[in-house]
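When the count follows the working numbering, it moves up by one through the sequence shown with no breaks and lands on 349 for the last residue.
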Amino acid sequence: MTLEFAVAAALFAGVLFYAVLGGADFGSGFHDLVSGGSRRGAEVRTLIDQSIGPVWEANHVWLIYVLVMWWTGFPESFAAAMTTLYVPLLLALVGIVLRGASFAFRKYSETLAQARLFGVVFATSSVLAPFFLGTVAGSLASGRVPEGGYGDAWSSWIAPTPLLTGAISVGTCAFLAGAFLTADAARRGRTALAERMRRRSIVVGAATGLVVFAGLIPIEHDAPTLWEGLVGRAAPVIALSAVGGAATLVLLWRRRFGPARLTAVVAVAAVMAGWGIGQYPWVLVDQVSIAEAAGARATLQGLLVAVGVATVVVGPALGYLLYLTQTPQWSDQEPEGAERVHWSARLSD
1 MTLEFAVAAA LFAGVLFYAV LGGADFGSGF HDLVSGGSRR GAEVRTLIDQ
51 SIGPVWEANH VWLIYVLVMW WTGFPESFAA AMTTLYVPLL LALVGIVLRG
101 ASFAFRKYSE TLAQARLFGV VFATSSVLAP FFLGTVAGSL ASGRVPEGGY
151 GDAWSSWIAP TPLLTGAISV GTCAFLAGAF LTADAARRGR TALAERMRRR
201 SIVVGAATGL VVFAGLIPIE HDAPTLWEGL VGRAAPVIAL SAVGGAATLV
251 LLWRRRFGPA RLTAVVAVAA VMAGWGIGQY PWVLVDQVSI AEAAGARATL
301 QGLLVAVGVA TVVVGPALGY LLYLTQTPQW SDQEPEGAER VHWSARLSD
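If you want it as C-alpha coordinates, here you go:
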(Lines of atoms letter the chains of each structure in order from A; the text may use other names.)
(Lines give C-alpha, C1' and ligand atoms only; values in the text may rest on other atoms or scores of the structure.)
Protein backbone atom coordinates (compact mmCIF):
# COMPACT_ATOMS: atom_id res chain seq x y z
CA MET A 1 0.00 0.00 0.00
CA THR A 2 1.44 3.37 -1.00
CA LEU A 3 1.34 6.42 1.23
CA GLU A 4 -0.92 8.22 -1.25
CA PHE A 5 -3.37 5.33 -1.31
CA ALA A 6 -3.46 5.18 2.51
CA VAL A 7 -4.40 8.86 2.73
CA ALA A 8 -6.99 8.47 -0.02
CA ALA A 9 -8.46 5.48 1.83
CA ALA A 10 -8.67 7.50 5.06
CA LEU A 11 -10.33 10.31 3.12
CA PHE A 12 -12.87 7.97 1.56
CA ALA A 13 -13.59 6.39 4.95
CA GLY A 14 -14.77 9.84 6.03
CA VAL A 15 -16.99 10.00 2.96
CA LEU A 16 -18.57 6.66 3.94
CA PHE A 17 -19.18 7.77 7.53
CA TYR A 18 -20.73 11.03 6.34
CA ALA A 19 -22.92 9.17 3.85
CA VAL A 20 -24.28 6.92 6.60
CA LEU A 21 -24.45 9.21 9.65
CA GLY A 22 -24.96 12.53 7.89
CA GLY A 23 -27.20 10.81 5.35
CA ALA A 24 -29.56 9.56 8.04
CA ASP A 25 -29.58 13.10 9.44
CA PHE A 26 -30.44 14.65 6.06
CA GLY A 27 -33.01 11.97 5.32
CA SER A 28 -34.97 12.82 8.44
CA GLY A 29 -35.73 16.16 6.82
CA PHE A 30 -37.34 14.37 3.89
CA HIS A 31 -39.71 12.58 6.27
CA ASP A 32 -40.38 15.87 8.04
CA LEU A 33 -41.27 17.41 4.66
CA VAL A 34 -43.80 14.72 3.71
CA SER A 35 -45.27 14.09 7.17
CA GLY A 36 -48.25 16.43 6.72
CA GLY A 37 -49.65 19.48 8.49
CA SER A 38 -49.05 20.70 12.01
CA ARG A 39 -51.22 18.15 13.77
CA ARG A 40 -50.97 15.20 11.42
CA GLY A 41 -47.18 15.47 11.24
CA ALA A 42 -46.62 16.31 14.91
CA GLU A 43 -45.81 12.76 15.99
CA VAL A 44 -43.32 12.21 13.16
CA ARG A 45 -41.61 15.54 13.85
CA THR A 46 -41.40 14.74 17.56
CA LEU A 47 -39.70 11.46 16.70
CA ILE A 48 -37.27 13.25 14.38
CA ASP A 49 -36.36 15.81 17.04
CA GLN A 50 -35.76 13.09 19.61
CA SER A 51 -33.78 10.89 17.24
CA ILE A 52 -31.39 13.38 15.65
CA GLY A 53 -31.34 16.10 18.31
CA PRO A 54 -28.43 14.64 20.33
CA VAL A 55 -26.23 13.76 17.34
CA TRP A 56 -26.97 16.07 14.40
CA GLU A 57 -23.97 18.33 15.00
CA ALA A 58 -21.62 15.36 15.49
CA ASN A 59 -22.76 13.82 12.21
CA HIS A 60 -21.56 16.77 10.16
CA VAL A 61 -18.09 16.75 11.67
CA TRP A 62 -17.38 14.14 9.00
CA LEU A 63 -17.87 16.73 6.27
CA ILE A 64 -15.20 18.92 7.86
CA TYR A 65 -12.93 15.90 8.11
CA VAL A 66 -13.38 15.11 4.41
CA LEU A 67 -12.73 18.68 3.28
CA VAL A 68 -9.62 19.09 5.44
CA MET A 69 -8.20 15.75 4.29
CA TRP A 70 -8.89 16.63 0.67
CA TRP A 71 -7.41 20.12 0.55
CA THR A 72 -4.39 19.11 2.64
CA GLY A 73 -3.63 15.75 1.05
CA PHE A 74 -4.62 16.49 -2.55
CA PRO A 75 -4.54 20.30 -2.78
CA GLU A 76 -4.46 20.86 -6.54
CA SER A 77 -7.46 18.61 -7.18
CA PHE A 78 -9.29 20.36 -4.35
CA ALA A 79 -8.60 23.74 -5.94
CA ALA A 80 -9.77 22.44 -9.32
CA ALA A 81 -13.05 21.21 -7.82
CA MET A 82 -13.65 24.39 -5.82
CA THR A 83 -13.12 26.67 -8.82
CA THR A 84 -15.36 24.55 -11.02
CA LEU A 85 -18.14 23.32 -8.74
CA TYR A 86 -18.56 26.40 -6.58
CA VAL A 87 -22.27 26.74 -7.46
CA PRO A 88 -23.49 23.36 -6.13
CA LEU A 89 -21.00 23.54 -3.25
CA LEU A 90 -22.29 26.97 -2.24
CA LEU A 91 -25.91 25.79 -2.50
CA ALA A 92 -25.09 22.72 -0.40
CA LEU A 93 -23.37 24.90 2.21
CA VAL A 94 -26.34 27.27 2.36
CA GLY A 95 -28.63 24.26 2.80
CA ILE A 96 -26.54 22.86 5.65
CA VAL A 97 -26.43 26.21 7.46
CA LEU A 98 -30.14 26.91 7.01
CA ARG A 99 -31.24 23.43 8.12
CA GLY A 100 -29.08 23.63 11.23
CA ALA A 101 -30.32 27.08 12.19
CA SER A 102 -33.98 26.31 11.51
CA PHE A 103 -33.76 22.98 13.37
CA ALA A 104 -32.72 24.92 16.46
CA PHE A 105 -34.96 27.97 15.99
CA ARG A 106 -38.20 26.11 15.38
CA LYS A 107 -38.19 24.67 18.90
CA TYR A 108 -38.46 28.20 20.29
CA SER A 109 -41.16 29.47 17.96
CA GLU A 110 -43.80 31.58 19.67
CA THR A 111 -46.39 31.40 16.89
CA LEU A 112 -47.62 28.72 14.52
CA ALA A 113 -46.49 30.83 11.54
CA GLN A 114 -42.93 30.89 12.88
CA ALA A 115 -43.01 27.15 13.54
CA ARG A 116 -44.20 26.44 10.02
CA LEU A 117 -41.59 28.74 8.47
CA PHE A 118 -38.66 27.17 10.29
CA GLY A 119 -40.09 23.70 9.68
CA VAL A 120 -40.32 24.30 5.92
CA VAL A 121 -36.77 25.69 5.83
CA PHE A 122 -35.42 22.70 7.78
CA ALA A 123 -37.20 20.12 5.64
CA THR A 124 -36.48 21.75 2.28
CA SER A 125 -32.82 22.36 3.09
CA SER A 126 -32.48 18.75 4.24
CA VAL A 127 -33.43 17.63 0.74
CA LEU A 128 -31.50 20.24 -1.25
CA ALA A 129 -28.18 19.86 0.62
CA PRO A 130 -27.65 16.14 -0.15
CA PHE A 131 -28.87 16.71 -3.71
CA PHE A 132 -26.19 19.29 -4.43
CA LEU A 133 -23.51 17.26 -2.63
CA GLY A 134 -24.54 14.35 -4.84
CA THR A 135 -24.14 16.43 -7.98
CA VAL A 136 -20.59 17.28 -6.88
CA ALA A 137 -19.78 13.58 -6.55
CA GLY A 138 -21.32 12.89 -9.96
CA SER A 139 -19.38 15.68 -11.60
CA LEU A 140 -16.08 14.40 -10.22
CA ALA A 141 -16.91 10.83 -11.25
CA SER A 142 -17.92 11.75 -14.80
CA GLY A 143 -14.74 13.70 -15.59
CA ARG A 144 -16.30 17.15 -15.72
CA VAL A 145 -13.69 18.87 -13.53
CA PRO A 146 -10.59 19.86 -15.56
CA GLU A 147 -7.15 19.39 -14.03
CA GLY A 148 -6.46 23.10 -14.01
CA GLY A 149 -9.83 24.02 -12.54
CA TYR A 150 -12.10 26.85 -13.65
CA GLY A 151 -14.41 24.55 -15.60
CA ASP A 152 -17.85 25.65 -16.69
CA ALA A 153 -19.85 26.68 -13.64
CA TRP A 154 -23.11 25.15 -14.93
CA SER A 155 -22.52 22.36 -17.42
CA SER A 156 -20.05 20.78 -15.00
CA TRP A 157 -22.91 19.65 -12.77
CA ILE A 158 -26.13 20.13 -14.79
CA ALA A 159 -25.66 16.90 -16.73
CA PRO A 160 -27.06 13.34 -16.61
CA THR A 161 -24.57 11.72 -14.21
CA PRO A 162 -24.38 14.58 -11.66
CA LEU A 163 -28.16 15.05 -11.59
CA LEU A 164 -28.64 11.30 -11.25
CA THR A 165 -26.20 11.04 -8.35
CA GLY A 166 -27.96 13.99 -6.73
CA ALA A 167 -31.30 12.16 -6.93
CA ILE A 168 -29.71 8.96 -5.62
CA SER A 169 -28.20 10.90 -2.74
CA VAL A 170 -31.61 12.21 -1.67
CA GLY A 171 -33.23 8.79 -2.04
CA THR A 172 -30.58 6.88 -0.10
CA CYS A 173 -30.68 9.46 2.70
CA ALA A 174 -34.47 9.16 2.96
CA PHE A 175 -34.29 5.35 2.85
CA LEU A 176 -31.65 5.18 5.57
CA ALA A 177 -33.45 7.68 7.78
CA GLY A 178 -36.72 5.79 7.32
CA ALA A 179 -35.16 2.55 8.58
CA PHE A 180 -33.62 4.35 11.57
CA LEU A 181 -36.78 6.27 12.47
CA THR A 182 -38.96 3.18 12.16
CA ALA A 183 -36.71 1.30 14.58
CA ASP A 184 -36.66 4.29 16.96
CA ALA A 185 -40.45 4.50 16.97
CA ALA A 186 -40.76 0.79 17.71
CA ARG A 187 -38.13 0.99 20.46
CA ARG A 188 -40.07 3.81 22.10
CA GLY A 189 -43.28 1.76 22.03
CA ARG A 190 -45.06 3.89 19.41
CA THR A 191 -46.54 1.04 17.44
CA ALA A 192 -48.85 3.06 15.18
CA LEU A 193 -46.08 5.50 14.29
CA ALA A 194 -43.66 2.64 13.60
CA GLU A 195 -46.21 1.10 11.24
CA ARG A 196 -46.67 4.40 9.44
CA MET A 197 -42.92 4.85 9.03
CA ARG A 198 -42.53 1.22 7.95
CA ARG A 199 -44.90 1.63 5.01
CA ARG A 200 -43.29 4.88 3.91
CA SER A 201 -39.77 3.43 4.19
CA ILE A 202 -40.69 0.45 2.01
CA VAL A 203 -42.02 2.77 -0.71
CA VAL A 204 -38.97 5.08 -0.52
CA GLY A 205 -36.58 2.12 -0.55
CA ALA A 206 -38.19 0.48 -3.57
CA ALA A 207 -38.23 3.77 -5.51
CA THR A 208 -34.60 4.52 -4.64
CA GLY A 209 -33.51 1.04 -5.72
CA LEU A 210 -35.18 1.51 -9.08
CA VAL A 211 -33.47 4.88 -9.57
CA VAL A 212 -30.05 3.48 -8.63
CA PHE A 213 -30.12 0.62 -11.10
CA ALA A 214 -32.04 2.39 -13.85
CA GLY A 215 -29.48 5.16 -13.60
CA LEU A 216 -26.72 2.83 -14.73
CA ILE A 217 -28.08 3.14 -18.27
CA PRO A 218 -27.24 6.84 -18.87
CA ILE A 219 -23.94 6.47 -16.97
CA GLU A 220 -22.67 4.05 -19.62
CA HIS A 221 -22.77 6.84 -22.22
CA ASP A 222 -22.23 9.90 -20.05
CA ALA A 223 -19.39 8.59 -17.84
CA PRO A 224 -17.70 5.66 -19.63
CA THR A 225 -14.70 5.47 -17.27
CA LEU A 226 -16.95 5.25 -14.24
CA TRP A 227 -19.15 2.72 -16.05
CA GLU A 228 -16.20 0.44 -16.74
CA GLY A 229 -15.28 0.54 -13.07
CA LEU A 230 -18.83 -0.13 -11.89
CA VAL A 231 -19.35 -3.19 -14.08
CA GLY A 232 -15.77 -4.36 -13.46
CA ARG A 233 -13.97 -4.23 -10.12
CA ALA A 234 -16.90 -2.55 -8.31
CA ALA A 235 -19.52 -5.07 -9.48
CA PRO A 236 -19.39 -7.22 -6.29
CA VAL A 237 -19.93 -4.13 -4.13
CA ILE A 238 -22.85 -2.98 -6.26
CA ALA A 239 -24.34 -6.46 -5.93
CA LEU A 240 -23.86 -6.24 -2.15
CA SER A 241 -25.79 -2.96 -2.19
CA ALA A 242 -28.65 -4.63 -4.05
CA VAL A 243 -28.71 -7.50 -1.55
CA GLY A 244 -28.62 -5.08 1.39
CA GLY A 245 -31.45 -2.98 -0.02
CA ALA A 246 -33.62 -6.01 -0.77
CA ALA A 247 -32.93 -7.47 2.67
CA THR A 248 -33.94 -4.18 4.29
CA LEU A 249 -37.26 -4.15 2.44
CA VAL A 250 -37.95 -7.76 3.49
CA LEU A 251 -37.03 -7.06 7.11
CA LEU A 252 -39.23 -3.96 7.18
CA TRP A 253 -42.08 -5.97 5.66
CA ARG A 254 -41.65 -8.59 8.39
CA ARG A 255 -41.30 -5.88 11.06
CA ARG A 256 -37.74 -6.81 12.00
CA PHE A 257 -36.76 -3.21 12.56
CA GLY A 258 -33.46 -3.69 14.40
CA PRO A 259 -31.79 -5.84 11.73
CA ALA A 260 -33.30 -3.60 9.03
CA ARG A 261 -31.14 -0.73 10.25
CA LEU A 262 -27.99 -2.76 9.77
CA THR A 263 -28.88 -3.92 6.27
CA ALA A 264 -29.87 -0.36 5.32
CA VAL A 265 -26.42 0.84 6.41
CA VAL A 266 -24.83 -1.93 4.33
CA ALA A 267 -26.89 -0.94 1.28
CA VAL A 268 -26.02 2.76 1.47
CA ALA A 269 -22.36 2.23 2.37
CA ALA A 270 -22.01 -0.26 -0.51
CA VAL A 271 -23.46 2.25 -3.00
CA MET A 272 -20.87 4.81 -1.89
CA ALA A 273 -18.07 2.25 -1.88
CA GLY A 274 -19.06 1.18 -5.39
CA TRP A 275 -18.73 4.77 -6.57
CA GLY A 276 -15.26 5.07 -5.00
CA ILE A 277 -14.01 1.73 -6.31
CA GLY A 278 -15.47 2.41 -9.74
CA GLN A 279 -13.68 5.76 -9.87
CA TYR A 280 -10.32 4.38 -8.68
CA PRO A 281 -7.49 5.31 -9.28
CA TRP A 282 -8.73 8.77 -10.23
CA VAL A 283 -9.32 11.78 -7.99
CA LEU A 284 -10.58 13.76 -10.95
CA VAL A 285 -11.71 11.11 -13.42
CA ASP A 286 -9.76 11.09 -16.68
CA GLN A 287 -7.78 14.07 -15.40
CA VAL A 288 -5.72 13.41 -12.26
CA SER A 289 -4.93 10.14 -10.48
CA ILE A 290 -4.40 9.67 -6.74
CA ALA A 291 -0.62 9.46 -7.16
CA GLU A 292 -0.51 12.59 -9.34
CA ALA A 293 -2.76 14.64 -7.05
CA ALA A 294 -1.01 13.81 -3.79
CA GLY A 295 0.72 16.56 -1.82
CA ALA A 296 4.13 16.50 -0.17
CA ARG A 297 5.19 13.24 1.47
CA ALA A 298 5.69 14.90 4.86
CA THR A 299 2.17 16.31 4.68
CA LEU A 300 0.68 12.91 3.89
CA GLN A 301 2.55 11.35 6.80
CA GLY A 302 1.31 14.06 9.13
CA LEU A 303 -2.26 13.48 7.97
CA LEU A 304 -2.06 9.78 8.77
CA VAL A 305 -0.70 10.55 12.24
CA ALA A 306 -3.55 13.00 12.82
CA VAL A 307 -6.09 10.42 11.64
CA GLY A 308 -4.60 7.85 14.02
CA VAL A 309 -4.78 10.24 16.98
CA ALA A 310 -8.36 11.22 16.13
CA THR A 311 -9.35 7.56 15.85
CA VAL A 312 -8.07 6.89 19.36
CA VAL A 313 -9.38 10.08 20.99
CA VAL A 314 -12.57 10.99 19.10
CA GLY A 315 -13.71 7.57 17.89
CA PRO A 316 -14.64 6.09 21.31
CA ALA A 317 -16.40 9.30 22.36
CA LEU A 318 -18.51 9.38 19.20
CA GLY A 319 -19.27 5.68 19.52
CA TYR A 320 -20.37 6.17 23.14
CA LEU A 321 -22.63 9.07 22.15
CA LEU A 322 -24.33 6.94 19.50
CA TYR A 323 -24.63 4.07 21.99
CA LEU A 324 -26.28 6.28 24.59
CA THR A 325 -28.95 7.48 22.16
CA GLN A 326 -29.97 3.86 21.51
CA THR A 327 -30.27 2.70 25.12
CA PRO A 328 -33.55 2.34 27.04
CA GLN A 329 -32.18 4.64 29.76
CA TRP A 330 -31.97 7.49 27.24
CA SER A 331 -35.56 6.90 26.11
CA ASP A 332 -36.75 6.75 29.72
CA GLN A 333 -35.65 10.36 30.18
CA GLU A 334 -37.95 11.60 27.44
CA PRO A 335 -41.17 13.36 28.45
CA GLU A 336 -44.31 11.28 28.59
CA GLY A 337 -47.91 11.76 27.59
CA ALA A 338 -49.01 15.15 26.35
CA GLU A 339 -45.50 16.57 26.56
CA ARG A 340 -44.54 14.35 23.65
CA VAL A 341 -46.77 16.30 21.30
CA HIS A 342 -44.66 18.37 18.96
CA TRP A 343 -44.42 22.14 19.45
CA SER A 344 -46.21 22.77 16.11
CA ALA A 345 -49.28 20.86 17.31
CA ARG A 346 -49.29 22.70 20.63
CA LEU A 347 -49.14 26.05 18.87
CA SER A 348 -52.07 25.12 16.65
CA ASP A 349 -54.35 24.56 19.66
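Note that CB positions come from ideal geometry on N, CA and C, so glycine has one too.
Look at W282 here: in three-state DSSP terms it is strand. No Cβ-Cβ contact shorter than 8 Å links A293 with F12. Judged by DSSP secondary structure, R200 falls within the alpha helix (DSSP H) whose first and last residues are T191 to A214.
Under the three-state reduction of DSSP output, V250 falls in the helix class. Beyond the five residues adjoining it in sequence on each side, A174 comes within less than 8 Å, by CB distance, of G27, F30, H31, V204 and T208 in the same chain, given in chain order. For R45, the uninterrupted alpha helix (DSSP H) segment begins and ends at A42 to I52.
With three or more CB-CB distances shorter than 8 Å, the stretch 91-103 counts as touching the stretch 131-149.
The three-state reading of DSSP puts V288 in strand, counting E and B together.
Nearest to D49 by C-alpha distance, out of S102, L16 and A9, is S102. Between A194 and A206 the beta-carbon gap is near 19 Å, outside 8 Å, which marks them as no contact.
Counting only runs that start and end inside the stretch 117-202, the alpha helix (DSSP H) elements of at least 4 residues fall at 160-187. By the Cβ neighbour-count rule, E4 is buried, with 16 or more other Cβ atoms within 10 Å of its own. For V307, the enclosing alpha helix (DSSP H) covers residues R297 to L324. For the pair of segments examined, the stretch 7-23 was found to touch the stretch 264-273: the number of CB pairs separated by less than 8 Å reaches three. Excluding its 5 nearest sequence neighbours in each direction, R198 has C-beta neighbours in its own chain below 6 Å: T182 and L252, listed in chain order.
Residue state for S35 is assigned as coil, using DSSP reduced to three classes. For the pair R106 and S126, the CB atoms are not nearer than the 8 Å cut-off. DSSP places R255 in the coil class of the three-state scheme, outside both helix and strand. Between A81 and W275, the C-beta gap is not smaller than 8 Å, which leaves the two residues out of contact. Here DSSP, grouped into helix, strand and coil, assigns H60 to coil.
In the three-state DSSP reduction, T2 falls in the coil class, being neither helix nor strand. Just so you know, the alpha carbons of A8 and I290 end up roughly 7 Å apart. For a cut-off of 8 Å, the C-beta gap from L230 to V145 is around 19 Å, too long to register as a contact. The beta carbon of A247 sits closer than 6 Å to those of T263, all from its chain and outside the five residues before and after it, given in chain order.
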